[in-house]
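J.: Got a structure for you, written out below as structure tokens; questions coming shortly.
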Amino acid sequence: MSGEAWLYLFAVLINAVNLFLQVFFTIMYSDLECDYINPIDLCNRLNTYIIPEAAVHAFLTFMFLINGYWVPLILNLPLLAYNAKKYAPPLYIFFLFPPTDSAGAASQLRGQVKADRNLRIIDNTHLLDATEIFRKLNVHKKESFVKLGLHLLFFFFYLYSMIVALIRDDTK
Amino acid sequence: MSAPYDGYGQQSPADVAYAGQPQEGFEQAPAPTAPASAADHGKKKKRGYAAQAYDFGAGANSAANPQPAAGAQPYGAYPQPQTPTYPAGYPGQEPQPVAPTYGAAPADVAPQYGAPQPQGQGYGGYPAPDAAYPAPVAGGVSGPGVPGAAGLSQQMAGMNLGPGSQPQAQPGQAARPVALNQLYPTDLLNQPFNVSELDLPPPPIVLPPNSSVTPSPDANCSHRYVRSTLNAVPTTHSLLKKSRLPFSLVIQPYGALHDNDDPVPIIQDQIIARCRRCRTYINPFVTFLDHGHRWRCNMCQLTNDVPQAFDWDAAMQKATDRWARHELNHAVVEFVAPQEYMVRPPQPLVYLFLFDVSYAAVSSGLLATSARTILDSLNRIPNADRRTRLGFIAVDSSLHYFSIPKDDDENGDTNMLVVSDLDEPFLPVPQDLLVSLSESRQSIENFLTKLPAMFQNNQSNGFALGPALRAGHKLISSLGGKMVVLGASLPNLGIGKLDMREDKKLLGTSKESSLLQTSNSFYKSFAVECSKNQVSIDMFLFSSQYQDVASLSNLPRYTGGQTWFYPGWNAGRPEDAIKFASELSDHLSSEIGLEAVLRVRATTGLRMNAFYGNFFNRSSDLCAFPAFPRDQCYVVEVAIDESLTKTVVCLQTAVLHTTCNGERRIRVMTLALPTTTNLADVYASADQQAIATYFSHKAVERALSGGLDAARDSLQNKLIELLQTFRKELAGGSMGGGLQFPSNLRGLPMLFLGLMKNVGLRKSAQIPSDLRSAALCLLSTLPVPLLMQYIYPRLYSLHDMPDNAGTPDPETSQIVLPPPVNLSSERLVSYGLYLIDDGQTQFLWVGRDAVPQLLMDVFGVEDRTQIRVGKGSLPELDNDFNERLRAVIYKSRDHMSKGVGSITLPHLYVVREDGEPSLKLWAQTLLVEDRADQGMSAAQWLGILREKVSQR
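Line order of the protein sequences matches chains A and B. For the first sequence, UniProt numbering begins at 1 and goes up steadily by one. For the second sequence, UniProt numbering begins at 1 and goes up steadily by one.
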């Protein structure tokens, strides 16, 4: 079995985990809607999985990067960017404007970002907030559905890639 | 209904008399003549000014006037307010041409309306038209002027109210459901808004006759308790969407701080009939079947058995008259709940005070004043069951607990126990920290007397609020109860530490909104934790510097408490001390509910969609209140999921709570509303005050999440949307250059303008974020009458108030207030004396050319320069005018007469027109219709609206 096949197998597994997490999220949200669970428990339960989910995904993307698999990397980038934006709003600006010595728009912007960070609203915006959950339930549900769909697509893509890699191994 | 306009053209005799007056008043009034007339100032008040005092205050008569052809008068040219234009178009007073149609309706004509009653029940039984008529002239305030024959639909609305309403259905007579309120488009540009329109009750709820099982006048919920934004509900979601109006309820379960002031019928026998399926409480709108053995739920149509004991009086051991039962006669009732409604035995009332004893609090006199106030209020704290418990914690950089012995404990001594571990606050002793008020009364008194001295010389600048809250929570979480925080500095130690994050440069920019958001998530998570354990938190905040009200206000917001903010408070000023002492004392005396939940149930097809107010949503339709305050209101948004097929829908609000006397009770409020398929009906029955309240809550939410600009823009867009919809759908497309809107919504543009100019939302770089946050808290909690006053303050002209103003009304023995005036500086004359009152602050405005006699009468000084401006009170002088003035101010602070409970005692500021500019500017910001700093004037506002509306 080649490295490529291993990588895709790993991707399939990781993706399955994420897929399950999203299903779990979706079920929990609809439970909340039907009053099977109270918002405090829901937030406590889901909040423990939010960071692992993003971390695992980021790790997978990173693996594609260092192994030089550009197609899956590009596929994963939008989701990565979305997560990054959610977890650390001003962070992405640093990627867009890498620090340079020249005083210009970029450094001004960074100053702004710094100010922003001092004003940061809540130190953990990515986590669910029991007081707001009912107002934002629809947003969360939509997000969960979209992620579910994406992961499902990725799952088949990885599976396909893995099989292709295995067949290629065999034919060699 | 052919002629909606006809009413406006009509001049009643009263108008003719009125028409002559403006000039008269105007000529007499001007300033230059003042010295001359000053000599007999007393007389002048009676005559010269009284001429201006227009027939408005003179009786219900004028209020009842149809339109005084206001279109002819240029806006602002009036030296005085116009008679309200609103009543004319107001459905309650239909112009005569229309009335006959209704007049015919009673018995014989009805059948031709066809439409058989869906429920197959015979309708009819109109009362004799005259029966429910108020006497033409004696309309009074409550039924604002029902002139002559015009009030028929009012009377129909008052079907249940009318003494002539008949219980028996007349068999065989099918009538169509009563016609709903009539739509009267008016032109906002030609007929300027008059402030007195805000005093009118909402459009009446026109129910088909006999929709309730008893003919009781209280069968439908009064608008004091529950108001719907739409008093005629569209049958489908698409119609609601087309109307662009919101459908929501504004719920204010209590009308006063104390039960005695606002009694509701109480059902003591613990027989609570509820629908098996939807859990609706039995109410006046159910139907009885099978000779009264079963009842059909009016929400879900399920047939339920009537409980065995429903007609049985267990105490007297005899049968009772079912039709006399309160729950079938009154829409607002309180059930005494049996065991099944308790998860644990009713908890006692618990008050835990967290005193800030840091240097700032001690030096401003906060500690001494609050200790003294609590001491004086011990008798007022509800303690009927003698179980009330009190606890005290003092906080600076460490926590000070006080163990207070029982009175009969001979060698007991109050001990102070200091804990300086802020990370893991623990309780130093297990008992005596929370003591019974009855058993330790003496010790508590001693303690409170000594408390200020204990910290007299405290130099600590720390304020470990977070650890103190956690300690307090630990102390009372097993019981639940109320924590009252009295803080004068920024919490700067331990968990929940806050930073000084306000930056003057940010004010007025888009970044400002971040200052209104919580900076430390502790304040949210802890609030949720408190809500879980039935702990409610009240914040009394006094800092003279930045205190981060935005973060701190989260604790009350999610636990059913309230934030009270006293900027720059100092006990050295008697006004400050009196205000706070009175408010805290009232607050402690208020009969709050404990461990409460609120749920709204409605007819199948309606769903409660969103909830606004100070509580925590424990599930999608359940609002949890660790303590239920009596001075707040809540907004519930209703969604229409399925088409409504019935002619009447019901919405039932139930508040399950423990009274402070340890009794479990359910307050049930049932509101029935007619449905309609007609867009015009929806608009004609829309309640502008409820709509404004809904959007005030919405705007606060928007301001906190999206920023102030977004909140203001969404308000403006919403209004434009409404105007456009009305113009397109109901006013027949473009109708010249006017701005058409129904008469019952005429105040909406001004209310929205007031909202956008309110301290909480105004565009300005001068407003500290603490003040903004505090204002936002008010905007999302004040009950409707106070909220209306807060966004569109009252302006009373005092120098020319009518003769009876300031004296008790002979009939009601209530003090008569002068008629309110529109909030525009055009209405202020330079020799005048005015009261501007937004319910939170009052300004006594002294004109530039006020005559010495007036000053002498009011302030007892000769010269304007001798008046003490700023925070103050009116001197008590022994003359008629001064007495009446004080009576007016006293009355303007009377919340009872507005039908709400509130602890607020507004500050009175004396403002001289040529005096201190900052104070004057502040007072002027309340003049909503004026152009200010970055806000537009009423005329500009209407101009913009018109432009935008005709654009698209």
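We put the beta carbon where it would ideally sit given N, CA and C, even for glycine.
Take Ser-873(B) and list the residues in its own chain whose beta-carbon comes closer than 8 Å to its own, dropping the five residues that flank it on each side.
T.: One-based indexing of the second sequence puts residue 873(B) at position 873. If we look at Ser-873(B) and ignore the five residues flanking it on each side, its Cβ neighbours are Glu-575, Leu-908.
J.: Are the C-beta atoms of Ser-620(B) and some chain A residue less than 7 Å apart?
T.: As a first step, residue 620(B) is located in the second sequence; it is residue number 620 there, counting from the start. Taking Cβ atoms only, chain A reaches closer than 7 Å to Ser-620(B), which makes this a yes.
J.: At 3 residues or longer, and completely inside the UniProt domain "Sec23/Sec24 beta-sandwich" (593 to 676) of chain B: list those beta strand (DSSP E) runs for me, N to C.
T.: 593 to 602, 606 to 612, 616 to 619, 622 to 628, 634 to 640, 648 to 658, 664 to 676
J.: Val-528(B) touches chain A at which residues, Cβ-Cβ below 7 Å?
T.: Reading the second sequence from its first residue, position 528 is the one you call residue 528(B). In chain order: Ile-40, Ala-130, Thr-131.
J.: Is Phe-455(B) helix, strand or coil by DSSP?
T.: Along the second sequence, one-based indexing puts residue 455(B) at 455. Collapsing the DSSP output to three states places Phe-455(B) in coil.
J.: Please check if any C-beta of chain B sits within less than 7 Å of the C-beta of Asp-170(A).
T.: As a position in the first sequence, residue 170(A) is number 170, starting the count at 1. Chain B contact via Cβ: absent.
J.: Is the Cβ-Cβ distance between Ala-130(A) and Val-528(B) less than 7 Å?
T.: For this step, residue 130(A) is matched to residue 130 along the first sequence. For this step, residue 528(B) is matched to residue 528 along the second sequence. Between Ala-130(A) and Val-528(B), the C-beta gap is smaller than 7 Å, which places the two residues in contact.
J.: With DSSP run on the structure shown, which of helix, strand or coil describes Tyr-834(B)?
T.: In the second sequence, counting from the first residue as 1, residue 834(B) sits at position 834. DSSP places Tyr-834(B) in strand when its eight states are reduced to three.
J.: Is the separation between the beta-carbon of Val-900(B) and that of Pro-783(B) shorter than 7 Å?
T.: Taking the first residue of the second sequence as 1, we reach residue 900(B) at position 900. Taking the first residue of the second sequence as 1, we reach residue 783(B) at position 783. Yes, the pair counts as a contact, with Cβ atoms nearer than the cut-off.
J.: Does Ser-590(B) pass the burial test, meaning 16 or more other C-beta atoms within 10 Å, or should it be called exposed?
T.: Reading the second sequence from its first residue, position 590 is the one you call residue 590(B). Buried, since its Cβ has 16 or more Cβ neighbours within 10 Å.
J.: Can you look up Tyr-546(B) in the DSSP assignment and give me helix, strand or coil?
T.: As a working note, residue 546(B) is residue 546 in the second sequence. Coil, per DSSP.
J.: Does Asn-609(B) have its Cβ less than 7 Å from a Cβ in chain A?
T.: On the second sequence, residue 609(B) is found 609 positions in, with the first residue counted as 1. Chain A contact via Cβ: absent.
J.: Beta-carbon within less than 6 Å of Lys-898(B)'s beta-carbon, same chain only, minus the 5 sequence neighbours each way: which residues are those?
T.: Taking the first residue of the second sequence as position 1, residue 898(B) is located at position 898. Same-chain partners within the cutoff: Pro-785.
J.: Below 7 Å on C-beta distance, what does Phe-616(B) contact in chain A?
T.: As a first step, residue 616(B) is located in the second sequence; it is residue number 616 there, counting from the start. What Phe-616(B) touches in chain A: Thr-131.
J.: My output table needs one value for Arg-772(B): the three-state DSSP class, helix, strand or coil.
T.: Here residue 772(B) is taken as the residue at index 772 of the second sequence, counted from 1. Helix at Arg-772(B).
J.: Sorted by chain position, which residues of the same chain lie with C-beta nearer than 7 Å to Thr-893(B)'s C-beta, five sequence neighbours on each side aside?
T.: In the second sequence, counting from the first residue as 1, residue 893(B) sits at position 893. In the sequence as presented, Thr is not what sits at residue 893(B); that position holds Arg. Result list for Arg-893(B): Leu-905, Pro-906, in chain order.
J.: For the putative contact between Val-655(B) and Phe-628(B), defined by C-beta atoms under 8 Å, what is the C-beta separation to the nearest angstrom?
T.: Taking the first residue of the second sequence as 1, we reach residue 655(B) at position 655. Taking the first residue of the second sequence as 1, we reach residue 628(B) at position 628. Contact check for Val-655(B) and Phe-628(B): beta-carbon distance about 7 Å, within the 8 Å limit, so the pair qualifies.
J.: Counting only the same chain and skipping the five closest in sequence on each side, list residues whose C-beta sits under 8 Å from that of Thr-518(B).
T.: Indexing the second sequence from 1 puts residue 518(B) at position 518. Result list for Thr-518(B): Lys-524, Ala-550, Ser-551, Asn-554, in chain order.
J.: Between Glu-143(A) and chain B, is there a C-beta pair that is closer than 7 Å?
T.: For this step, residue 143(A) is matched to residue 143 along the first sequence. No, Glu-143(A) does not count as interfacial toward chain B.
J.: By the criterion of Cβ-Cβ separation under 8 Å, what are the contact partners of Glu-33(A) in chain B?
T.: The residue you call residue 33(A) lines up with position 33 of the first sequence. Those within 8 Å of Glu-33(A) in chain B are Ser-620.
J.: Can you tell me which of His-126(A), Ile-14(A), Phe-157(A), Leu-137(A) puts its alpha carbon nearest to the alpha carbon of Asn-83(A)?
T.: In the first sequence, residue 83(A) corresponds to position 83, counting from 1. Ranking the options by Cα distance to Asn-83(A), first place goes to His-126(A).
J.: Roughly how many angstroms lie between the CA atoms of Ser-443(B) and Gln-347(B), to the nearest whole one?
T.: One-based indexing of the second sequence puts residue 443(B) at position 443. One-based indexing of the second sequence puts residue 347(B) at position 347. Each residue's Cα considered, the two are about 23 Å apart.
J.: How would you list, in chain order, the residues of chain A whose beta-carbon sits under 7 Å from the beta-carbon of Tyr-558(B)?
T.: Counted from its first residue, the second sequence places residue 558(B) at position 558. Under the 7 Å cutoff, chain A gives Thr-131.
J.: Residues of chain B with a CB under 8 Å from the CB of Arg-135(A): which are they?
T.: In the first sequence, residue 135(A) corresponds to position 135, counting from 1. What Arg-135(A) touches in chain B: Ala-610, Glu-701.
J.: Using a cut-off of 7 Å between C-beta atoms, extract the partners of Lys-532(B) located in chain A.
T.: Looking up residue 532(B) in the second sequence gives position 532. What Lys-532(B) touches in chain A: Ile-40.
J.: Name the residue from Tyr-184(B), His-330(B), Glu-410(B), Arg-607(B) whose alpha carbon lies nearest to the alpha carbon of Ile-267(B).
T.: Against the second sequence, residue 267(B) aligns to sequence position 267. If we check each option's Cα against that of Ile-267(B), His-330(B) comes out closest.
J.: Return the CA-CA distance between Tyr-281(B) and Leu-245(B), expressed in angstroms with no decimal places.
T.: Numbered from 1 along the second sequence, position 281 holds the residue referred to as residue 281(B). Numbered from 1 along the second sequence, position 245 holds the residue referred to as residue 245(B). Tyr-281(B) and Leu-245(B): Cα-Cα distance of roughly 29 Å.
J.: Assign Lys-147(A) to one of two classes, buried (16 or more other C-beta atoms within 10 Å of its C-beta) or exposed (fewer than that).
T.: Reading the first sequence from its first residue, position 147 is the one you call residue 147(A). Per the 10 Å Cβ criterion, buried.
J.: May I ask you to report which of helix, strand or coil DSSP gives Asn-882(B)?
T.: The residue you call residue 882(B) lines up with position 882 of the second sequence. In the structure shown, Asn-882(B) sits in a helix (DSSP, three-state: H, G or I).
J.: Return the chain-ordered list of same chain residues with a C-beta closer than 8 Å to the C-beta of Lys-497(B), the five sequence neighbours on each side being excluded.
T.: Position 497 of the second sequence, counted from the start, is the residue given in the question as residue 497(B). Excluding its 5 nearest sequence neighbours in each direction, Lys-497(B) has C-beta neighbours in its own chain below 8 Å: Gly-466, Pro-491, Asn-520, listed in chain order.
J.: Would you verify that the beta carbon of Lys-497(B) is, or is not, closer than 7 Å to some beta carbon of chain A?
T.: For the purposes of this step, residue 497(B) is taken as residue 497 along the second sequence, with counting starting at 1. Answer no: the Cβ-Cβ gap between Lys-497(B) and chain A never drops below 7 Å.
J.: So, is Gly-68(A) buried or exposed, given that buried needs 16 or more other C-beta atoms within 10 angstroms?
T.: Position 68 of the first sequence, counted from the first residue, corresponds to residue 68(A). Per the 10 Å Cβ criterion, exposed.
J.: Ordered along the chain, which non-local residues of its own chain (more than five positions away) have a Cβ less than 8 Å from that of Glu-862(B)?
T.: Taking the first residue of the second sequence as 1, we reach residue 862(B) at position 862. Hits under 8 Å: Pro-852, Leu-855, Met-856.
J.: By how many angstroms is the C-alpha of Ala-923(B) removed from the C-alpha of Asp-356(B)?
T.: On the second sequence, position 356 is the one that residue 356(B) refers to. On the second sequence, position 923 is the one that residue 923(B) refers to. When rounded, the distance between both Cα atoms is 32 Å.
J.: Looking at chain A, which residues of the UniProt domain "Sec23/Sec24 helical" (687 to 788) of chain B have a Cβ within less than 7 Å of any of its Cβ atoms?
T.: Within the UniProt domain "Sec23/Sec24 helical" (687 to 788) of chain B, no residue has a Cβ that lies closer than 7 Å to any Cβ of chain A.
J.: Quick test of the definition: if touching needs 3 or more C-beta pairs under 8 Å, does the stretch 248 to 255 of chain B touch the stretch 217 to 227 of chain B?
T.: yes
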